[in-house]
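Report on one structure; see the data block that follows.
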């Protein structure tokens, strides 16, 4: 794992994507610091962070797009498979390399509250808590985008799909408010979701009986639950999909409250997508 | 030592590898031969753990590649068909990474990297970016990578593709040198290369292993009896009856050589080691028929390869491949009506002139691919 980490980390400095990542992040932070803190005379660094998360939509896909798509494209993944280490070591190595690289601009940003303190009073605790949350959010997003990269062999497709997924999670709360909260609407939404899952199954296995039985089982479960306890369906779908709003979890950390659930949530997202990436890379050996 | 048992790999409905089993003994150089798309690379990818198999098992020095991959992979160095190189690294960086990933410890990393670079003659190129290296040097970096970690077994998939003749010779020497201390498996469809480097050949065709033997053994099986080809100007029946009276002639068949008007082309199977050219000369002189040409036919690795990888060779109903002897003597292909490798009498009579012309064209098409080997030894 350490060997992969070292190699990947070094490759960010030889390629152009690493520079773009750091430059973009620091440039945006600089602009917001100037306009909010220095220009507006507002001492809250947390507020800056909560405003610049949108830059993640652009720069995280740039950082992660190479990770697995490029390996597959240049057939270097065969080397990784033939080396005496597990797929999980490769995935972890790459993930921690990106995380370490992401820590560089975060470390630079950590000096900003100190600089700001020259001009007024800065709430260090809440500023650094927000920065920690910022880092954890970045880790979760890197994990998601790395998974997207493992699904394709084209860097461009990896970047675009990653951007799409991040945009969706960014707007998730807004989208959720559009969905009606009545039990019947929830039922319909869950049925559509079941259909999508069945379709995904078919796409992955090409087995019509398996996908059909998955669909039937899911529909039966949903309908039974609906008949038995109708009231829990009230707004259920909305609350389920608002779990996918990764960005909003970070916003709750910028309010100066040490929200343990948010941190656990962000760590779980990272771990979950790392797991999915391992599965996805492992699956490539079968095709 | 590698033990492969009943390996099956399917891509959807297409069977790429169809129940291959073999054992690789330590300290030998094995050649994996087969036409394009026969399943060579797939087999190698499965043996090295890069690809999962649908059925079967691979055991490397006692470690199962699927159950115990780390231990098994430590015994193998693998160069895939396309060298897996990171173009934004220099050879020394790349080899250091591979050595570390192969769990070479501490100071041994630099030492081993230096060693393999010296062996593969890369030291002068060590600080250039891999993307700026020529194909030959990239191939060397790939081979150097396979040698790191001091594995017992080195597997090379088409190591000389795209190299110039001088580089090919150098790589061959390198492989021979490696073969002195390690087990080497290399795949190729260049027959001259296999016969120059390897002791044993495994021939794969349509996902089946059709032969696994030493080159000498295969040639001995194919040359179990000598074949003499003659063209005589004269009347067929008289010639045949005269020749059949000569000792040591096992059978007389029509030969596939082109004979002019009033000429008869024959192929004689002789007892091994018998030289009857004098007898034939005097026999023909007796009946005053001039001999136009007379020469021995030697079966080479190329003939064996073409015969074994014929599209008509299939496993029988029980999934058992016909033996090498059967294929080479034409027995295995006898059941296929359109077989062109078959030399037996009845078959040839059935062939129309058009067919035999097609057949020659087909064989001529093959020949330039396998340079350096003359099918027939003129005497």
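Chains as they are written, first to last, in the numbering used here: chain R, 608 to 894; chain U, 38 to 416.
Glycine included, every Cβ here is placed at the ideal spot set by N, Cα and C.
It should be emphasised that the depicted structure is a prediction, and the values quoted were computed from it without experimental measurement.
Flagged as an interface residue toward chain U: residue 621 of chain R, by a C-beta distance shorter than 8 Å.
With a contact defined as Cβ atoms closer than 8 Å, residue 75 of chain U and residue 243 of chain U qualify at about 6 Å. Here residue 170 of chain U is buried. Its C-beta has 16 or more other C-beta atoms within 10 Å. In this structure, residue 224 of chain U lies near residue 195 of chain U, with their beta-carbon atoms less than 8 Å apart. Residue pairing of residue 55 of chain U in beta bridges, as defined by DSSP: U:45.
For residue 248 of chain U, the enclosing beta strand (DSSP E) stretches over residues 245-251. Neighbours of residue 610 of chain R in chain U, taken as residues at a C-beta separation under 7 Å, are given in chain order as 134, 137, 138. The alpha carbon of residue 148 of chain U has as its nearest neighbour, out of U:133, U:46, U:279, U:57, the alpha carbon of U:133. According to DSSP, residue pairing for residue 302 of chain U in a beta bridge involves U:268. Only buried fits residue 737 of chain R, as 16 or more other CB atoms lie within 10 angstroms of its CB. Judged by DSSP secondary structure, residue 810 of chain R falls within the alpha helix (DSSP H) whose first and last residues are 790-812.
Residue 807 of chain R is classed as exposed because its beta carbon has fewer than 16 other beta carbons within 10 Å across all chains shown.
Under DSSP, residue 115 of chain U takes part in a beta bridge, and its partners are U:192. Within the same chain, Cβ atoms closer than 7 Å to the Cβ of residue 698 of chain R are found at 881, 884, 885, 888, the five residues on either side in sequence being excluded. R:618 is the residue among R:870, R:618, R:695 whose C-alpha sits nearest the C-alpha of residue 704 of chain R. Taking 8 Å as the cut-off, the beta carbon of residue 56 of chain U is found closer than this to the beta carbon of residue 44 of chain U.
Straight-line measurement puts the Cα of residue 701 of chain R at about 14 Å from the Cα of residue 878 of chain R.
The CB of residue 688 of chain R comes closer than 7 Å to the CB of 86, 87 in chain U, given here in chain order.
Sorting U:119, U:286, U:280, U:113 by C-alpha distance to the C-alpha of residue 301 of chain U places U:280 at the top. The beta carbon of residue 848 of chain R sits closer than 7 Å to the beta carbons of 779, 783 from its chain, once the five residues preceding and following it are set aside; these are given in chain order. Residue-level contact check: residue 125 of chain U touches chain R, since one or more beta carbons of chain R fall below 8 Å from its beta carbon. Per DSSP, the continuous alpha helix (DSSP H) segment holding residue 700 of chain R begins and ends at 694-716. Scanning its chain for C-beta atoms nearer than 6 Å, with the 5 sequence neighbours on each side dropped, one finds around residue 249 of chain U the residues 59, 239, in chain order.
The straight-line gap separating the alpha-carbon atoms of residue 130 of chain U and residue 81 of chain U is approximately 27 Å. Sorting U:212, U:267, U:247, U:311 by C-alpha distance to the C-alpha of residue 236 of chain U places U:212 at the top. For residue 668 of chain R, the closest C-alpha among the options R:624, R:717, R:694, R:856 is that of R:624. Fewer than three beta-carbon pairs drawn from the segment 797-805 of chain R and the segment 767-775 of chain R are found closer than 8 Å, and the two stretches are therefore not classed as touching.
Three or more beta-carbon pairs drawn from the segment 628-637 of chain R and the segment 655-669 of chain R are found closer than 8 Å, and the two stretches are therefore classed as touching. Taking the beta carbon of residue 673 of chain R as reference, no residue of chain U falls within 7 Å; the closest one sits roughly 10 Å away. Within chain R, the residues whose beta carbon sits less than 7 Å from that of residue 121 of chain U are 682, 683, 685, 686, listed in sequence order.
Per the Cβ contact rule, the segment 704-720 of chain R is not in contact with the segment 834-853 of chain R (fewer than 3 Cβ pairs under 8 Å). The criterion of a C-beta distance shorter than 8 Å is not satisfied by residue 166 of chain U and residue 180 of chain U.
CA-CA distance, residue 363 of chain U to residue 77 of chain U, rounds to 23 Å. In this structure, residue 200 of chain U sits away from residue 191 of chain U, with a CB-CB distance that is not shorter than 8 Å.
If you ignore the 5 residues before and after residue 127 of chain U, its C-beta comes within less than 8 Å of the C-beta of 163, 164, 165, 166, 167, all in its own chain and listed in chain order. Buried is the label assigned to residue 614 of chain R, since at least 16 other Cβ atoms lie within 10 Å of its Cβ.
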